[in-house]
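Read the structure below first, then the notes.
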Amino acid sequence: MDGSDDECCYYYDAVDSDGDEEEEEEIIMLDEDDVGLLDGAALPPPEEEVEHRAICWAITKESLAAAQEQDLSMVMNLVNVERHNARALLAHHRWKMERIYDRLDMMGRDALLRDAGVVVLPEKSSSSGSSMAMAKTNPPGSVAVTCNVCFEEYPLGSVSAMDCGHCFCNDCELCPMFIS
């Protein structure tokens with residue numbers, strides 16, 4: 001036998017087992033790489049045919065705004081704060097409601113707000129503070145307010161004011177949101 005025979009496998013198959021006819025032997029010579037391919041097992045599909053699907057989707061502007069409104073409403077009701085304070089609280093916790101629930105349970109309302117840098121003024125000061133903040137940025141007789149973030153003019157209905165007196169448009173309120 002030469003050296004190439006050592007790398008091959010030999011198989012034979014007895015066709016007739018009752019002995020009446022002559023036994024026929026078949027010798028099949030196969031490469032070691034081919035062994036197992038004749039078992040009838042399905043071959044893996046070529047790499048071009050393999051379909052890779054990612055489990056993800058794009059967030060539309062409308063669905064993002066709806067999700068933010070829902071989270072804002074939940075935080076406003078849960079912590080009993082105004083819209084801009086709820087927005088600041090959500091931004092501090094990277095819009096993760098689970099973190100807000102956990103911190104509220106562990107620390108309490110006042111510590112939760114203090115940790116996020118949210119200052120809640122008493123009821124009387126809060127309403128007059130917001131109107132004073134609007135009066136500072138909105139001269140008498142005008143219907144537009146300047147956003148302190150992008151410095152664009154906006155109508156009163158599309159601008160929010162913080163207790164500290166800073167005004168910002170509703171487009172700029174999305175800026176501190178982190179998606180993770």
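The UniProt record's numbering numbers the first residue of the sequence shown as 1 and each following residue consecutively. Glycine included, each C-beta is placed from N, C-alpha and C at the ideal position.
Measure from the alpha carbon of residue i to the alpha carbon of each residue in the options, then state which is nearest.
i      : options                           : result
Ile100 : Glu62, Asp71 and Ala54            : Asp71
His92  : Cys147, Val75 and Asp105          : Val75
Leu90  : Ala66, Val118, Met106 and Asp105  : Val118
Glu69  : Gly157, Ala86 and Val79           : Ala86
Ser158 : Cys150, Phe168, Phe151 and Val149 : Phe168
Leu78  : Thr60, Ala54, Ala65 and Met97     : Met97
Looking at the strands, I want to know which residues DSSP matches up with residue i.
i      : result
Glu153 : Thr146
Residue range of the beta strand (DSSP E) that residue i falls in?
i      : result
Ser160 : Val159 to Ala161
Cys169 : Cys167 to Cys169
What are the boundary residues of the alpha helix (DSSP H) that residue i is part of?
i     : result
Lys61 : Lys61 to Val79
Glu98 : Met97 to Met107
Ala54 : Where Ala54 is concerned, there is no enclosing alpha helix (DSSP H), given that its DSSP letter is neither H nor E.
Val87 : Position check: residue 87 holds Arg in this sequence, whereas Val was assumed. Counting along the chain, the alpha helix (DSSP H) containing Arg87 begins and ends at Arg83 to His92.
For residue i, which residues in the same chain have their Cβ closer than 8 Å to its Cβ, ignoring the five residues on either side in sequence?
i      : result
Asp152 : For the sequence presented, residue 152 should be read as Glu rather than Asp. Counting only Cβ-Cβ distances below 8 Å, and skipping sequence neighbours, we find Thr146 and Cys169.
Val81  : Val75, Leu89, Leu113, Val118 and Val120
Arg83  : Leu72, Met76 and Ser160
Met107 : Asp115
Excluding sequence positions up to five away, which residues of its chain have a Cβ less than 6 Å from the Cβ of residue i?
i      : result
Leu104 : Leu112
Val149 : Phe168 and Cys172
Met162 : His84
With a cut-off of 8 Å, does the C-beta of residue i fall near any C-beta of chain C?
i      : result
Gly108 : Included in the structure is just one protein chain, with no chain C present.
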